[in-house]
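Residue numbers (this note's numbering), protein chains in the order written: chain A, 9 to 619; chain B, 125 to 396.
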């Protein structure tokens, strides 16, 4: 097969349908699933970097509390004003004030989860790859797809704008617990929290439209012969993820509407009777329930964890099968496990709430379901590990990231068990241990899988490889610094360091009459911060590689440069509008690598059986 | 390659794409309203005695509005069935009734809202509470209004019955609406809290307005879609009748859902 990247053939595919659309129709207001996938991907990567930068600034305040931020401190002062940025003891401008620390913390979480990881893992990869893998010409509802991206984009704009409203962005954590979220900015009516809710409503709308589209596409548009058990695991993962988004997000929307009513119309959905703020009773009716917010939030919040991880598992599965050159071990177990996870993830949410006093019986129930849900997760990871056994592994950049995902996610998952038991959680709750735990799942876990996916599908989207050497530099530096950041946090958390301390725990270490955190654990803050900044530098090779390879990268020699079996590689490169020049038919399961007796070590899904 | 199954049915699912889409969308909507209904239950169960009002809504009007929506549910099916039988004129007729019902529902709801905005509760410093109307029926006053307007006193016509008191006779229930005792003067200094029956009045009115306003938005959205397909969108009947009929079916499914939500809302908010 020859690559069909030239303009002539690209044009020929369109002939007889319609004229080549102009720049705006083709790249901005596009209804093509591949362009929308790329829009999601690039916007998501920008937000990923932005959310990371917020944390890099916070890490300065944690490591060197009370000192002005060098270089960018003055810029922050000019942008955000003296309400947010002050002077340090030496009179230098650029000290991060508590309100700014709090809003950066809240927005780091919000941006990373809702504007970066979910859009990249679900919307970007899902949009680009799912229709190709099931042999469909596009998503079922292309215009709904465009609307989904636009809602996401607007939601992002609203979130960014909230940094500049009086009082600053939302500052009550990404969980926005009431009543704090309602009373944090009583001086401002349209405060950052209100913007946060409006932004979330737009993002929830976006995810609703996307989820409906994905499920309908997978149910309706599978190519002839693409039965359910012939779907690549990536499609299964996206299918379950879409259901999680479809059913778990609306309760958060309901909660958001109620918190909006609390903020703007003076209701008391989440404000208890007798609430006092700065010594005076708040003039509201009361009678509300702060616990209700937490239940509604975590009803989304926990399935959301699986929204973050399932697409990553899907990506890793594709890359493992391709680079071990053998069928994935236990395909059916993987499929059933992912379905069980999807179902169980709806009944574990209150394990985030052991310390709320909701009662030991309820805590016991959620502890039980939490332990049960770890079983299918372990099955999936075990299948992946066994798949490596006896494979002739190709250690290219996507494979390195996919391989690193396994132990990193393993660490993240296993350290979650002490948090799932309510008696150990009492000690670890809200400490740096929790931060380390879920970052191991999402940062060196999901984000590594996303990097793997980018390196893996880049040749399909552009017709060129990303640079292998700089890819490996990116991988090894990222792996080392990720671990230098999050490994010490387990120790800090077990020593009792609280996760929301503005000064990184310095006042506790100094306090004479309380049992504080030992100084050695406070000192770890500096090392962690340095590793975080180094991790930032380690992304530079990736950023340059990503853009430069677009024009300078090594050209692919065929439409299927990784010798893969799934359908996305059986299209022209890059796939034209409509994807497949003629309808495809599927004859076999997704991972037929190294089938005995075949001359090639891979058999594409659309290769007919020979008689 | 065009997208398949936009109008014809896929063999193994027996569905066209939009029908899968709308059912998924409705599943999501069930979770949205389900969360709000659950919140209602939790707030009501957790409310201290006397703080969760009951019996303040106008049941006859609510019943009438229920009938209006059920009627529209019937006509929306008749409209779709008319198209299936190829009778475009009857479709226009039935769908016009659907639209009139939608507008009628919203109009009646607006008057219901207004009734609440001029109906007040006063919490006095001596611990007594009463509901009723302020002279001149002003809208949306609250405690802050008294000091803003520098009022020394308000002229208040109390209702015969307060919702926190147990009812003695059924006859009294009728006097809830409009049946006032003699007007009294209440000095502003005696008033601890004043609130119209707005969301801020109590968690009950908070959830009442949130649920019904969200439902009204759905009615409005459904009416706009049905109105578009009745008016400018109807020319598709000439070019692609099958697809147009499907559109009517899909919009009809959404309309049934909106009706169904009200069928739950009415007993939960008005009767229970």
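Even glycine gets a Cβ: it sits at the ideal position worked out from N, Cα and C.
For residue 127/B, would you say it is in contact with chain A, using Cβ-to-Cβ distances shorter than 9 angstroms as the test? Interface residue (Cβ-Cβ distance to chain A less than 9 angstroms): residue 127/B is classified as such.
Does the CB of residue 275/A have a neighbour CB from chain B at under 9 angstroms? yes
For the pair the segment 283-295 of chain A and the segment 222-232 of chain A, tell me if three or more CB-CB distances fall below 8 angstroms. Fewer than three Cβ pairs drawn from the segment 283-295 of chain A and the segment 222-232 of chain A lie within less than 8 angstroms of each other, which leaves the two stretches out of contact.
What are the partner residues of residue 320/B, as DSSP defines its beta bridges? 244/B
C-beta neighbour in chain A for residue 285/B, strict 9 angstroms: no
Could you list which residues in chain B have their beta carbon closer than 7 angstroms to that of residue 227/A, in chain order? 137, 144
Of the residues 186/B, 168/B, 329/B, which one's Cα is nearest the Cα of residue 235/B? 186/B
Residue interval of the beta strand (DSSP E) (run including residue 102/A): Start and end: 101-104.
Going by the CB atoms, is the gap between residue 52/A and residue 169/A shorter than 9 angstroms? no
Could you check where the beta strand (DSSP E) with residue 253/B kicks off and where it finishes? Residue 253/B -> beta strand (DSSP E) spans 253-258.
What are the start and end residues of the beta strand (DSSP E) that includes residue 95/A? Element bounds for residue 95/A: 93-95.
Three-state secondary structure assigned by DSSP to residue 212/B: Correct three-state label for residue 212/B: helix.
To the nearest angstrom, how far is it from the Cα of residue 333/B to the Cα of residue 150/B? Those two C-alpha atoms are separated by around 22 angstroms.
Residues near residue 315/B in its chain [Cβ-Cβ closer than 8 angstroms; skip 5 each side]: 246, 247, 248, 249, 267, 270, 278
Mind pulling the chain A residues with CB within less than 8 angstroms of residue 327/B? What residue 327/B touches in chain A: 275, 276, 277, 293, 295, 296.
Interfacial residues, the segment 150-173 of chain B to chain A, with Cβ spacing under 9 angstroms: 151, 152, 153, 154, 155, 156, 157, 158, 159, 160, 162, 163, 166, 167, 170, 171, 172
Give a yes or no on whether the minimum CB-CB distance between residue 197/A and chain B is below 9 angstroms. no
What span of residues does the alpha helix (DSSP H) with residue 277/B cover, start to end? Annotation for residue 277/B: no alpha helix (DSSP H) segment contains it, though the beta strand (DSSP E) segment containing it runs 277-282.
Work out the CA separation of residue 533/A and residue 172/A for me, nearest whole Å. 29 angstroms
Residues of chain B with a CB under 7 angstroms from the CB of residue 259/A: which are they? 155, 159
Using the C-alpha atoms, what's the distance from residue 78/A back to residue 313/A? 35 angstroms
Decide yes or no for the touch test of the segment 291-303 of chain A against the segment 242-256 of chain A: beta carbon pairs closer than 8 angstroms, at least 3 of them. no
Taking DSSP as the reference, what is the three-state secondary structure of residue 72/B? As shown, chain B starts at 125 and ends at 396. That puts residue 72/B outside it, with no answer to give.
Do residue 407/A and residue 451/A have their C-beta atoms within less than 9 angstroms of each other? no
Taking only three categories from DSSP, how would you classify residue 231/B? helix
Contacts that residue 387/A makes with chain B (C-beta to C-beta distance below 7 angstroms): Near residue 387/A there are no residues of chain B at all, since even the closest Cβ is about 27 angstroms away, more than 7 angstroms.
Quick check on the DSSP output: the alpha helix (DSSP H) that includes residue 311/B runs from which residue to which? Where residue 311/B is concerned, there is no enclosing alpha helix (DSSP H), although the beta strand (DSSP E) it sits in stretches over 308-311.
Can you check which of these residues, 33/A, 167/A, 351/A, 144/A, is closest to residue 128/B by C-alpha distance? 144/A
Can you grab the Cα-Cα spacing for the pair residue 627/A / residue 437/A, in whole Å? Lying outside 9 to 619, the shown extent of chain A, residue 627/A is not represented and no answer is given.
Work out the CA separation of residue 246/A and residue 318/A for me, nearest whole Å. 7 angstroms
Taking 9 angstroms as the threshold (beta carbon to beta carbon), is residue 579/A in contact with chain B? no
So which residues on chain B does residue 145/A lean against when the C-beta distance must stay under 9 angstroms? Within chain B, the C-beta atoms nearer than 9 angstroms to that of residue 145/A come from 125, 126, 127, 128, in chain order.
Spell out a yes or no on whether the segment 305-324 of chain B and the segment 268-282 of chain A are touching, meaning 3 or more CB-CB pairs, one atom from each, closer than 8 angstroms. yes
Would you give the residue range spanned by the alpha helix (DSSP H) that residue 493/A belongs to? 476-502 is the extent of the alpha helix (DSSP H) around residue 493/A.
Extent of the continuous alpha helix (DSSP H) to which residue 527/A belongs: Annotation: the continuous alpha helix (DSSP H) that includes residue 527/A extends over 527-546.
Would you tell me roughly how many angstroms separate the C-alpha atoms of residue 156/A and residue 166/A, rounded to the nearest one? 15 angstroms
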